[in-house]
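Q:
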Amino acid sequence: MPLLEVKNLVTHFKIRAGWVRAVDDVSLVLNEGETLGLVGESGCGKTTLGYTITQLLPNNAYVIGGEVNFNGRDLIAISRKKSGRLDDYHPEITKIRWAEISMIFQGAMNAFNPVYKIGDQIIEAIRVHSDVDYDTAMKRVEELFKFIGIPLDRIDNYPHEYSGGMKQRAMIAMALALNPKLIIADEPTTALDVIMQRKILKEIMKLQDDFKMSMIIISHDVSVVAEIADQIAVMYAGKMVEKGTANQIFKETSHPYTAALLGAFPSITGPKKRLATIPGNPPSLVNPPKGCRFHPRCSVAKPLCAEQEPPMVEVSPGHTSLCHYANEFSAKRKGAKK
Amino acid sequence: MSEPVLKVKGLTKLFPLNKGLLEWNKPDTFVHAAEDVNFEIYAGEVLGFVGESGCGKTTVGRLITRLETPTRGSIEFMGVDIATLKKRELTRFRRKMQMIFQDPYESLNPRFTVAQAVADPLVVHERDQSDEERTARVAKVIEDAGLRPAEEFMDRYPHELSGGQRQRVAIARALVVDPKFIVADEPVSMLDVSIRAGVMNLMLDLRRKYGIPYLFITHDVAVARYMSDRIAVMYLGNIVEIAETDELIFRPAHPYTRALLSAVAVPDPDYSHEEVPIMGDIPSPINLPKGCRFRQRCPFAKEQCSNPDLKLKEVSKGHFVLCWFAEEYYDNIKGTPLPAIDPGIALERQNP
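As you go down the protein sequences, you meet chains W and D in turn.
Just so you know, we're using the working numbering here: the first sequence kicks off at 1 and counts up by one.
Just so you know, we're using the working numbering here: the second sequence kicks off at 1 and counts up by one.
#1: Hey, residue 170 of chain D and residue 277 of chain W: beta-carbon distance below 7 Å or not?
#2: Ordered along the chain, which non-local residues of its own chain (more than five positions away) have a Cβ less than 8 Å from that of residue 222 of chain W?
#3: If the cut-off is 7 Å on Cβ atoms, which residues from the region 163-192 of chain W count as contacting chain D, listed in chain order?
#4: What ranges does the beta strand (DSSP E) occupy inside the region 21-50 of chain D, keeping only unbroken runs of at least 3 residues that lie completely in it?
#5: Expressed to the nearest angstrom, what Euclidean distance is found between the alpha-carbon atoms of residue 270 of chain W and residue 113 of chain W?
#6: Ordered along the chain, which non-local residues of its own chain (more than five positions away) have a Cβ less than 6 Å from that of residue 319 of chain D?
#7: Just the chain D side, please: which residues come within less than 9 Å of residue 284 of chain W by C-beta, in chain order?
#8: Tell me which residues of the region 265-290 of chain D have at least one Cβ-Cβ distance to chain W shorter than 9 Å, keeping chain order.
#9: As a quick exercise: from D:286, D:173, D:311, pick the residue whose alpha carbon is nearest that of residue 56 of chain D.
#10: Check the Cβ-Cβ distances between residue 76 of chain W and every residue of chain D, and say whether any is below 7 Å.
#11: Within the same chain, show all residues whose beta-carbon is closer than 6 Å to that of residue 274 of chain D, passing over the 5 residues directly before and after it, in chain order.
#12: Residues of chain D with CB closer than 7 Å to the CB of residue 198 of chain W, please, in chain order.
#13: Exposed or buried, residue 124 of chain D, counting other C-beta atoms within 10 Å across all chains shown (16 or more means buried)?
#14: So, are the CB atoms of residue 51 of chain D and residue 216 of chain D less than 7 Å apart?
#15: Can you find a C-beta in chain W that's less than 7 Å from the C-beta of residue 60 of chain D?
#16: Suppose contacts are defined by Cβ-Cβ distances below 7 Å. Is residue 61 of chain W in contact with residue 11 of chain W by that definition?
#17: For the 8 Å Cβ check, are there 3 or more pairs between the region 245-259 of chain W and the region 61-72 of chain W?
#18: Please classify residue 348 of chain D as buried or exposed, where buried requires at least 16 other C-beta atoms within 10 Å of its C-beta.
#19: Could you check the C-alpha separation between residue 106 of chain W and residue 86 of chain D for me, to the nearest Å?
#20: For residue 339 of chain D, which residues in chain W fall below 8 Å Cβ to Cβ?
#21: Given a cut-off of 7 Å on the beta-carbon distance, is the pair residue 73 of chain D and residue 11 of chain D in contact?
#22: Please list, in chain order, all residues of the same chain as residue 75 of chain D whose beta carbon is under 6 Å from its beta carbon, the five residues on each side excluded.
#23: Classify residue 227 of chain D as helix, strand or coil using the three-state DSSP reduction.
#24: Classify residue 89 of chain D: buried if its beta carbon has 16 or more other beta carbons within 10 angstroms, exposed otherwise.
#25: How many whole angstroms separate the CB atoms of residue 19 of chain D and residue 33 of chain D, which I take to be in contact at a CB cut-off of 8 Å?
#26: Specify whether the region 200-220 of chain W and the region 171-184 of chain W touch according to this definition: at least 3 beta carbon pairs, one from each stretch, less than 8 Å apart.
#27: For a contact meaning CB atoms closer than 9 Å, what does residue 198 of chain D contact in chain W?
#28: Flag residue 299 of chain W as yes if its beta-carbon sits less than 7 Å from any beta-carbon of chain D, otherwise no.
#29: Taking just the CA atoms, how far does residue 228 of chain W sit from residue 16 of chain D?
#30: Between residue 276 of chain D and the rest of its own chain, which residues show a CB-CB distance below 6 Å, the 5 nearest in sequence each way excluded?
#31: Between the alpha carbons of residue 214 of chain W and residue 318 of chain W, how many angstroms are there, rounded?
#32: Three or more C-beta pairs closer than 8 Å, one from the region 181-199 of chain D and one from the region 111-118 of chain D: is that the case here?
#33: Along the alpha helix (DSSP H) that carries residue 91 of chain D, what are the first and last residues, could you check?
#34: Taking the beta strand (DSSP E) that residue 50 of chain W falls in, what are its first and last residues?
#35: Given residue 186 of chain W, which residues of its chain have a CB within under 7 Å of its CB, disregarding the five upstream and five downstream residues?
#36: With a threshold of 16 other CB atoms inside 10 Å of the CB of residue 118 of chain D, please say whether the residue is buried or exposed.
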């Protein structure tokens, strides 16, 4: 049984202009010890998907349908109210949140409360979600700081006394505090300099090896995801357009959006080539285009793409693509490479 | 061999730190933002400045556009040292030197339409231009910046534009006075991937069309490689290495450059990284170590590294390194093959 199975999840936001279809019919499976990289541009719904799994959505978010099966239980069914909103403080969810599913938040710079000591904030997280006394929690914090390499005398510091990289590490320590089964890391290295980014990525990889933890890494940066993920899912305008192993996504790309995204990334290896650009802008999620949501920007779009929503095509075992012409497209790319 | 457009020598900026009332007898302390920076930019060339946050790359950009006044050093631009010019005299050079900023959401006045924002430099620098001339010029640069047709964009306000379009307006605004030199400070770091490539290509096309040299400041080495003909790596206020782009990327001779490059994430799941150990965090730029500023973090540091006489050494033509052991190390790697440059973006400058 997979650790996490998201089935046909639909999360929409209610705003004055209507409904923002941030996550629209998204499914994914994550096995124990696996790392899934969730990539896409800003506004594609990747963060909303992460927050729906941990149920930390803002109060204009409605889960219209779908399941989030974690360890055999549907978390949405537990806390979903009639209106579609989730009950943030549902006791069952509070027990699971942080203890079994924790998060590394985007922008660790601002994720800590500036007026409390870092150590106390981690201790608070431990004591809210498990039944231990202060001293035990403190011991746990010391263990965690040793693991992530922050000197123990910094436990009593305030966030402003930490550098960006240290805050990010403290955030990781906090996510690890209760030995969760699943960690969702939202842009864990985005605000950091390259050298610090490499250090944090290495630490995350060490975590996976040491604790066999499952992770979902949300990032806009294809290269970061290429470094650490076993599985990669690409999102565009609320849809999951392609899913597969890292090698399938990079070497056997079968969705035009993924191909365009990879082509738009400069690299420090190989010969320098002119970057491919994607025309236009990402669509509004209030009024997404009919048919395939990528068709107005797609270089190989055909009339069918504007009319009919594409099916999920299985290109090869474990590799799916949300494109009418997925097989054709990947065959053509293979031909071009040879 | 043509003359460089810009020649920077010994450029230094120290920001004094405030002393408390009771510290009046303590020595003055400074943030060493840039120290003894030397480089040249030739016509039509893109020089990339890379480094981590706090390394002084933005300060260098602000110094040569004279948004800051240097503490020491000279900036020779169009044959004149502009480092010490006063405000009035500077105006003449300001129009020849434009800047593109990082955040297109902050760098455009929300109450100006696109046409007003782009025309503003002309209002300052071309007072006797007629309205028709001005409008025609504005429309032309807006189209040059890839916003076509210009009429459709001229009356819009920034909030009606996407991030990529805003950055194109900022580019148009820099182009409108026909500058001889542009400083671009992280111009694409706020943009999404699919938009970013378009803006980078636009900047390269404009450089090709008008031969305007850029100083391109970025923290992203891959972006710097794509944009630049030459790259300078900065660390704690010093240029530690400067060379032609692929020479620097594939034959890095400074330990810091090597560490930096080995840390860059590569969009290829099969790629394995060279391990260059580097110790600790960047020290504060207030109390700097004597001699090589990288030595406390350098895995190869020796006693000699604290010698304060450190100068850039030329290890091969046009490849300068700020390290005592640069030649020794460079001997091991000078044979590394460089990839072919795609003719689509090949360098087109007329210099040595």
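Just so you know, even glycine gets a beta-carbon here, dropped at the ideal spot from N, CA and C.
Just so you know, these numbers come straight off a predicted model, no measurement behind them.
A: Taking the coordinates as given:
#1: Residue 277 of chain W is positioned such that its CB atom lies no closer than 7 Å to that of residue 170 of chain D.
#2: If we look at residue 222 of chain W and ignore the five residues flanking it on each side, its Cβ neighbours are 39, 261, 262, 265.
#3: Correct list: 163, 165.
#4: Segments of the beta strand (DSSP E) lying fully in the region 21-50 of chain D: 30-41, 46-50.
#5: C-alpha separation (whole angstroms): 44 Å.
#6: Excluding residues within five positions, the ones whose Cβ falls inside 6 Å are 243, 247.
#7: The premise fails here: residue 284 of chain W is roughly 11 Å from chain D at the closest Cβ pair, so nothing lies under 9 Å.
#8: Within the region 265-290 of chain D, the qualifying residues are 265, 266, 267, 268, 269, 270, 271, 273, 278, 281, 282.
#9: Nearest option by C-alpha distance: D:286.
#10: Taking a beta-carbon distance threshold of 7 Å, residue 76 of chain W does not count as an interface residue toward chain D.
#11: In the same chain as residue 274 of chain D, and ignoring 5 residues on each side of it, the C-beta atoms closer than 6 Å to its own belong to 262, in chain order.
#12: Simply 263.
#13: Exposed.
#14: At least 7 Å separates the beta-carbon of residue 51 of chain D from that of residue 216 of chain D.
#15: Output row for residue 60 of chain D: interface = no.
#16: For residue 61 of chain W and residue 11 of chain W, yes; Cβs fall inside 7 Å.
#17: No, the region 245-259 of chain W is not in contact with the region 61-72 of chain W.
#18: Here the model assigns residue 348 of chain D a pLDDT of 47, short of 50, so the residue's position is not dependable, and the following value carries that caveat. Taking every protein chain shown into account, the CB of residue 348 of chain D has fewer than 16 other CB atoms within 10 angstroms, so this residue is exposed.
#19: C-alpha separation (whole angstroms): 45 Å.
#20: Within 8 Å of the CB of residue 339 of chain D, the CB atoms of chain W belong to 270, 271, 272, in sequence order along the chain.
#21: By the CB criterion at 7 Å, residue 73 of chain D and residue 11 of chain D fall inside the cutoff.
#22: Only 8, 64, 82, 83 meet the Cβ criterion.
#23: Note: residue 227 of chain D maps to helix in three-state DSSP.
#24: Around the C-beta of residue 89 of chain D, fewer than 16 other C-beta atoms lie within 10 Å, and the residue is accordingly described as exposed.
#25: Rounded, the Cβ-Cβ distance is 18 Å, inconsistent with contact.
#26: When C-beta atoms of the region 200-220 of chain W are compared with those of the region 171-184 of chain W, three or more pairs fall below 8 Å, so the two segments count as touching.
#27: The contacting residues are 264, 275, 277, 278, 279.
#28: Not one chain D Cβ lies under 7 Å of residue 299 of chain W.
#29: Cα-Cα distance, rounded: 43 Å.
#30: Taken in chain order, the residues that qualify are 258, 259, 262.
#31: Rounded to whole angstroms, residue 214 of chain W to residue 318 of chain W spans 18 Å at the Cα level.
#32: At 8 Å Cβ cutoff, the stretches do not touch.
#33: Element bounds for residue 91 of chain D: 87-94.
#34: First-last for residue 50 of chain W: 46-54, but that is the alpha helix (DSSP H), not the beta strand (DSSP E).
#35: So the qualifying residues of the chain are 47, 50, 103, 104, 105, 106, 218.
#36: Buried: at least 16 other Cβ atoms inside 10 Å.
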